[in-house]
Amino acid sequence: MLHVHNLTKRYGALTAIEHVTFDVHAGEVFGLLGPNGSGKSTTVKILMGLLEATEGRVELDGRDARQDLLAYKSLLGYVPEEPHLYTYLTGPEYLRLVGRLRQIPDALLEEKIDRFLDLLGIYDDRYQTLSSYSKGMRQKVLIAAAVLHNPRIVVLDEPFSGLDVSAARVLKAFVRSLAAEGKIVVFSSHVLEVVEQVSSRVVILKDGHVVGHDSVANLRTTLQLPSLDAVFASLVKEENVEHRTSGLIDAMHLQ
Amino acid sequence: MKAQAQPTPFRILWRAFLEQFVANESATSDLQTRRAILGILAFLITPGFLLMMQTMPTYELTVLVAKARNMPELVERALDQLAVLFVVYSMATTGLVTVFVWDVLVFDKRDAMVLGPLPISGSTVVAAKLAALATLLLGTALAVNLVSGLPFAFVTGSPAGRIGAHLTGHLAGTIGGAIFMFATIVVVRGLVVLLAGPNAAAAVGSMLQFCLISAVLLFVMTPALISSARQNVLFLGAGDWMPTRWFIAVFEYIRGSVDPRLPRLAVRAAIAVPLAIAAVVVTMLAGYRRQLSRALAPPAKAFASAAIRRRIAALIAGRDHVARGVSEFVLTTLARSRPQQMPIVMAASIAVAIISVAISTRQGGLAELQTPRIVVLWIPIVIGYWIVVGLRAAFVVPAELPAAVIFRAHARLPSPSFWLGVRAAMIAFALPPALFANVVTVGPLAGWQTAAWHSLVVCLMVVIAADGASLLTRSVPFTQAYPPGHAKLKTRWPLYLLGMFAIAYFPVQAELRFRDDPTSLAVAAGACVVIIAGLEIAGRRLSRHWTVEADDDAGDPESPTTLDIGMSRGSLA
Numbered sequence: 000m001l002h003v004h005n006l007t008k009r010y011g012a013l014t015a016i017e018h019v020t021f022d023v024h025a026g027e028v029f030g031l032l033g034p035n036g037s038g039k040s041t042t043v044k045i046l047m048g049l050l051e052a053t054e055g056r057v058e059l060d061g062r063d064a065r066q067d068l069l070a071y072k073s074l075l076g077y078v079p080e081e082p083h084l085y086t087y088l089t090g091p092e093y094l095r096l097v098g099r100l101r102q103i104p105d106a107l108l109e110e111k112i113d114r115f116l117d118l119l120g121i122y123d124d125r126y127q128t129l130s131s132y133s134k135g136m137r138q139k140v141l142i143a144a145a146v147l148h149n150p151r152i153v154v155l156d157e158p159f160s161g162l163d164v165s166a167a168r169v170l171k172a173f174v175r176s177l178a179a180e181g182k183i184v185v186f187s188s189h190v191l192e193v194v195e196q197v198s199s200r201v202v203i204l205k206d207g208h209v210v211g212h213d214s215v216a217n218l219r220t221t222l223q224l225p226s227l228d229a230v231f232a233s234l235v236k237e238e239n240v241e242h243r244t245s246g247l248i249d250a251m252h253l254q
Numbered sequence: 000m001k002a003q004a005q006p007t008p009f010r011i012l013w014r015a016f017l018e019q020f021v022a023n024e025s026a027t028s029d030l031q032t033r034r035a036i037l038g039i040l041a042f043l044i045t046p047g048f049l050l051m052m053q054t055m056p057t058y059e060l061t062v063l064v065a066k067a068r069n070m071p072e073l074v075e076r077a078l079d080q081l082a083v084l085f086v087v088y089s090m091a092t093t094g095l096v097t098v099f100v101w102d103v104l105v106f107d108k109r110d111a112m113v114l115g116p117l118p119i120s121g122s123t124v125v126a127a128k129l130a131a132l133a134t135l136l137l138g139t140a141l142a143v144n145l146v147s148g149l150p151f152a153f154v155t156g157s158p159a160g161r162i163g164a165h166l167t168g169h170l171a172g173t174i175g176g177a178i179f180m181f182a183t184i185v186v187v188r189g190l191v192v193l194l195a196g197p198n199a200a201a202a203v204g205s206m207l208q209f210c211l212i213s214a215v216l217l218f219v220m221t222p223a224l225i226s227s228a229r230q231n232v233l234f235l236g237a238g239d240w241m242p243t244r245w246f247i248a249v250f251e252y253i254r255g256s257v258d259p260r261l262p263r264l265a266v267r268a269a270i271a272v273p274l275a276i277a278a279v280v281v282t283m284l285a286g287y288r289r290q291l292s293r294a295l296a297p298p299a300k301a302f303a304s305a306a307i308r309r310r311i312a313a314l315i316a317g318r319d320h321v322a323r324g325v326s327e328f329v330l331t332t333l334a335r336s337r338p339q340q341m342p343i344v345m346a347a348s349i350a351v352a353i354i355s356v357a358i359s360t361r362q363g364g365l366a367e368l369q370t371p372r373i374v375v376l377w378i379p380i381v382i383g384y385w386i387v388v389g390l391r392a393a394f395v396v397p398a399e400l401p402a403a404v405i406f407r408a409h410a411r412l413p414s415p416s417f418w419l420g421v422r423a424a425m426i427a428f429a430l431p432p433a434l435f436a437n438v439v440t441v442g443p444l445a446g447w448q449t450a451a452w453h454s455l456v457v458c459l460m461v462v463i464a465a466d467g468a469s470l471l472t473r474s475v476p477f478t479q480a481y482p483p484g485h486a487k488l489k490t491r492w493p494l495y496l497l498g499m500f501a502i503a504y505f506p507v508q509a510e511l512r513f514r515d516d517p518t519s520l521a522v523a524a525g526a527c528v529v530i531i532a533g534l535e536i537a538g539r540r541l542s543r544h545w546t547v548e549a550d551d552d553a554g555d556p557e558s559p560t561t562l563d564i565g566m567s568r569g570s571l572a
């Protein structure tokens with residue numbers, strides 16, 4: 000079990016997140032939601048061991064992740080929100096770099112890379128550098144890199160970015176399959192319909208604080224709202240949509 | 000059978016960091032890496048050969064003269080000059096190579112996001128980066144200095160049986176200087192990123208590139224000028240703080256010179272090198288801590304806004320909103336994007352080298368330059384002209400090609416407004432440095448009255464140059480990929496030189512001839528205005544053939560793609 004306990008992160012005077020606590024169980028897809036600036040990215044970076052929390056800790060099976068950060072990271076797979084890649088490498092070269100750094104034996108690595116590229120439909124583009132890849136193709140490379148080493152924990156930050164509808168359907172099924180295999184899956188996205196479909200439980204952040212933490216069904220029942228979208232709007236107290244829309248129309252008509 | 004050992008993370012990262020130095024994004028990396036390494040070796044070795052060919056015959060002639068006149072001090076002085084030449088050349092060339100890889104000298108956010116989630120210790124990452132930097136440095140320093148060191152040692156050391164001492168002195172001085180230069184640039188890069196952010200670092204990088212390209216060009220074109228500077232700048236007087244002198248002292252001390260000042264200066268070099276290396280290690284650790292451990296990048300605030308140039312362009316574009324939009328796009332891209340700055344930096348360096356050669360090959364010294372002469376008055380125009388040449392080259396270096404869709408989506412072409420915007424941007428970009436050069440060179444040398452009058456000529460010539468170059472543009476700058484072989488540099492460089500004489504030399508010659516004849520001056524100015532008007536008419540007509548269509552037929556790279564699991568490629572079997 001992944002236990003996030005009382006995480007607080009301060010950048011000088013700015014508090015990005017405060018007292019964030021939740022658990023993610025093996026075999027579960029856990030949704031991490033929040034508007035821009037809510038502290039989602041900070042939480043994900045702390046989960047990934049990229050950032051050190053000012054207070055609190057991340058525990059895996061009761062052990063503080065930072066006690067042996069390298070061992071913890073070796074169990075993680077991560078699809079970042081932004082496609083940070085060495086774009087002068089080809090797809091296979093990038094996967095080879097990641098796989099070797101994860102100490103996957105060469106023969107096995109080559110087989111895995113070929114199969115991933117083939118299954119993801121980018122095998123024919125294997126001689127092109129990532130700079131020439133489309134956004135969706137880069138996303139596929141990032142997905143492959145995240146699961147190449149068969150990680151125990153998979154953190155997906157906006158994994159559907161750039162993928163079309165049918166690709167998104169396949170990926171949704173893949174995410175569910177990862178959970179069915181007993182992996183711990185943390186899923187962060189702005190697409191609430193998708194989160195509602197794949198996640199068993201969610202945590203909703205606003206201004207660095209947890210404002211909702213339960214199963215989607217329980218949240219809907221408790222708040223007596225029909226969808227996760229409505230729950231989200233209610234909990235983060237979004238600005239009046241109609242008011243903002245009319246403001247946009249007014250701005251468009253300015254002469 | 001023994002299984003092949005798995006490469007360690009250190010080795011994998013060392014290689015990955017090393018590839019970053021030579022990689023670009025236009026070709027598959029293996030092929031590109033090999034080509035880049037060959038290109039760099041040729042770039043480093045060729046000037047070294049040229050230097051040897053220029054200096055060794057002179058040295059041997061000096062030896063003969065010294066023997067004939069029984070003046071051994073002539074040989075010693077020639078060896079001193081060679082030491083100055085080789086050490087400063089080594090430092091300048093190493094500095095140039097270092098600033099060419101400026102963007103990957105230290106860790107960045109991409110390293111943090113790619114390597115951060117992986118199970119690799121920080122010490123491994125930092126050690127691999129340092130090892131890659133050391134490999135680059137030693138490869139550069141050896142390629143640059145062995146070419147000159149071996150012939151130098153054999154030619155100058157063999158008569159006295161001191162080949163070993165001469166070679167050791169040469170390599171110690173030149174490679175020591177190279178290490179110091181390299182380390183200093185790496186530390187500057189790291190500190191600028193840490194203190195001022197990546198945008199400031201990019202601006203500093205372009206400026207350093209300009210200085211070092213100019214320095215290396217000066218070496219190739221005027222080695223005698225550099226070596227003769229020894230007496231004035233590099234060796235005597237109150238300049239012991241200059242690092243070049245410390246490494247020249249190492250060179251000369253080990254070679255066997257008996258100058259009593261050498262040991263004191265050489266000790267400084269012996270202290271400076273380890274200190275510089277230690278500073279690199281500290282900078283790298285700080286960069287690692289900043290980018291990898293904390294995964295924090297400095298805020299990406301816009302650094303350069305080109306505000307003055309944008310105002311000048313707005314004045315030229317007038318009320319044409321499209322032209323103003325295009326000129327702002329061009330100037331802001333140039334201010335913030337290093338790939339586009341590179342051709343301009345190269346062209347400006349050529350201008351500096353040409354001006355330096357022209358001045359250094361004249362007799363008479365400073366006093367002779369203090370009267371209005373072509374060699375002084377053409378300086379601002381030469382700078383403006385070569386910046387325009389660089390601009391023209393920069394326009395075909397694409398910036399974010401997919402973003403060019405905004406011109407396809409919103410443009411109403413063909414439209415003279417696009418050409419007017421490009422023209423305004425070119426004038427606004429080239430004019431300020433040309434006028435600045437007028438103030439700092441013509442003013443002090445030829446007098447402020449002459450400089451004020453000459454500024455009008457500078458303006459007219461830069462406008463003509465920009466108008467002429469803008470006629471060669473067929474699309475919105477930075478929106479089309481550079482067609483291979485388009486530059487035709489091997490065949491067109493005489494045209495660039497002829498252009499320089501047409502824009503800078505002959506107009507200044509006419510200015511000097513007609514300076515006391517107001518009627519002739521008015522006629523010449525009128526002719527310039529007519530030329531500018533003619534170029535504008537031609538530009539407006541040619542703009543009808545402009546295009547904003549993309550060359551790339553691969554489709555929109557931003558379009559969504561299909562995951563396509565097991566679909567188009569059939570079964571896995």
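Respectively, the protein sequence lines represent chains A and B.
Throughout the first sequence, residue numbering follows numbering that gives the first Met the number 0, covering 0 to 254 in sequence.
Throughout the second sequence, residue numbering follows numbering that gives the first Met the number 0, covering 0 to 572 in sequence.
Where is the CB? At the ideal position from N, CA and C, for every residue including glycine.
These numbers come from a predicted model, not from an experiment.
Using the three-state DSSP reduction, which class does residue i fall into: helix, strand or coil?
i: Asp516(B); result: coil
i: Asp258(B); result: coil
i: Ile358(B); result: helix
i: His4(A); result: strand
i: Arg337(B); result: helix
i: His320(B); result: helix
i: Lys236(A); result: coil
i: Lys256(A); result: Because chain A spans 0 through 254 in this model, residue 256(A) falls outside it and cannot be assessed.
i: Asp113(A); result: helix
i: Val19(A); result: strand
i: Leu59(A); result: strand
i: Arg9(A); result: strand
i: His24(A); result: coil
i: Asp239(B); result: coil
Taking the alpha-carbon of residue i as reference, which of the options has the nearest alpha-carbon?
i: Phe573(B); options: Gly168(B), Thr61(B), Val388(B), Leu63(B); result: Within the shown structure, residues of chain B are numbered from 0 to 572, placing residue 573(B) beyond reach of any answer.
i: Thr139(B); options: Tyr504(B), Gln448(B), Ile44(B), Ile426(B); result: Ile44(B)
i: Ala277(B); options: Val186(B), Leu390(B), Val215(B); result: Val186(B)
i: Leu119(A); options: Val57(A), Ala166(A), Ser226(A); result: Ala166(A)
i: Ile531(B); options: Gly163(B), Ala464(B), Gln290(B), Arg289(B); result: Ala464(B)
i: Gly55(A); options: Asp228(A), His18(A), Pro158(A); result: His18(A)
i: Glu157(A); options: Leu191(A), Ile112(A), His4(A); result: Leu191(A)
i: Ala91(B); options: Ala501(B), Pro338(B), Ala451(B), Leu217(B); result: Leu217(B)
i: Leu50(B); options: Phe151(B), Pro8(B), Leu136(B), Leu129(B); result: Phe151(B)
i: Ser87(B); options: Ala429(B), Thr173(B), Tyr287(B); result: For the sequence presented, residue 87(B) should be read as Val rather than Ser. Of the listed residues, the one whose Cα sits closest to Val87(B) is Thr173(B).
Is residue i a contact residue of the ligand MN, with contact defined as CB to any heavy atom under 8 Å?
i: Ala424(B); result: Among the components of this structure there are no ligands whatsoever, and the ligand MN is therefore not found.
Could you check if residue i is buried or exposed, using at least 16 other CB atoms within 10 Å of its CB as the buried criterion?
i: Ser474(B); result: buried
i: His252(A); result: exposed
i: Glu59(B); result: exposed
i: Ser176(A); result: exposed
i: Asn69(B); result: exposed
i: Ser469(B); result: buried
i: Thr282(B); result: buried
i: Leu211(B); result: buried
If you measure between the beta carbons of residue i and residue j, is that distance less than 9 Å?
i: Phe394(B); j: Val461(B); result: no
i: Val272(B); j: Ile178(B); result: yes
i: Thr93(B); j: Val143(B); result: yes
i: Ala265(B); j: Thr183(B); result: no
i: Tyr252(B); j: Pro242(B); result: no
i: Ile378(B); j: Met499(B); result: no
i: Gln5(B); j: Gln66(A); result: no
Mind reading off the beta-carbon distance from residue i to residue j? Whole number of angstroms is fine, and I expect it under 8 Å.
i: Ala316(B); j: Arg309(B); result: Contact flag wrong, Cβ pair sits at about 10 Å.
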